[in-house]
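Colleague:
Number of protein chains: 2
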Amino acid sequence: MILERAIFAIKPGCQKEFEAAFARARPHIETAKGFRKLEMRPGIESPDSFLLLVWWNTVEDHMKGFRESEAFAEWRKHLGPFFAAPPAVEHYEETL
Amino acid sequence: MILERAIFAIKPGCQKEFEAAFARARPHIETAKGFRKLEMRPGIESPDSFLLLVWWNTVEDHMKGFRESEAFAEWRKHLGPFFAAPPAVEHYEETL
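From first to last, the protein sequence lines stand for chains A and B.
The opening position of the first sequence corresponds to residue 1 in my numbering, with each subsequent residue numbered one higher.
The opening position of the second sequence corresponds to residue 97 in my numbering, with each subsequent residue numbered one higher.
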């Protein structure tokens, strides 16, 4: 199980709207092939920063299966308007 | 349960030594008060980057209970020699 880590810098003061948008976006990722679980957390030191962790079966499930799907377009339609910068996304191997 | 996220940039080519050092360091954090679980993962796009996630009961369990303990000095003694830069550490609230 690999891990996707995305850091979202959102527009200042939009935390509550972003959280509401995430609630609407969430089903579009949770039903993707290879999706295992996620955590979405607001920053403590930086409240305009959110950390998204998604555990996937493979990188391809994320980068091809999800990112090239209609569901991703829906997901991004909800969240994109709140981004202050492009999300910083990295993938990580199995945990030690 | 809050989340600590640390990104370790390690010296190029030292992945295996860093993983071995982490195996020795691990008991020093896992026995800390308020520790719940951790994941330590090598980067896929950036093999010299590791992501450490630690789920703690509270920020204070991490920043005071652990960081000011003898156990932290031991932990850092194992891992510190491999750092190419100071770790980037942030804390995150409960997951949505």
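C-beta: ideal position from N, C-alpha, C; glycine also.
1) Going along the chain, which residues of the stretch 53-76 of chain A sit with their C-beta nearer than 7 Å to a C-beta in chain B?
2) Residues of the stretch 105-133 of chain B in Cβ contact with chain A at a cutoff of 7 Å, in chain order, please.
3) Determine the chain B residues that contact A:L51 at a beta-carbon separation under 8 Å, and present them in chain order.
4) Exposed or buried, which one is B:M97 when buried takes at least 16 other CB atoms within 10 Å?
5) Could you give the DSSP three-state label for A:E93: helix, strand or coil?
6) Compare the Cα-Cα distances from B:E156 to each of B:D144, B:F131, B:I106 and report the closest residue.
7) Where do the ends of the alpha helix (DSSP H) carrying B:K112 lie?
Modeller: According to the data block:
1) Listed in sequence order: V59.
2) Only E115, F118 from the stretch 105-133 of chain B bring a Cβ to less than 7 Å from some Cβ of chain A.
3) Chain B residues near A:L51: L99, R101, E186, Y188.
4) Result: exposed.
5) A:E93: coil per DSSP, three-state reduction.
6) Of the candidates B:D144, B:F131, B:I106, the residue whose Cα lies closest to the Cα of B:E156 is B:F131.
7) In the DSSP assignment, B:K112 falls within the alpha helix (DSSP H) that extends over 111-126.
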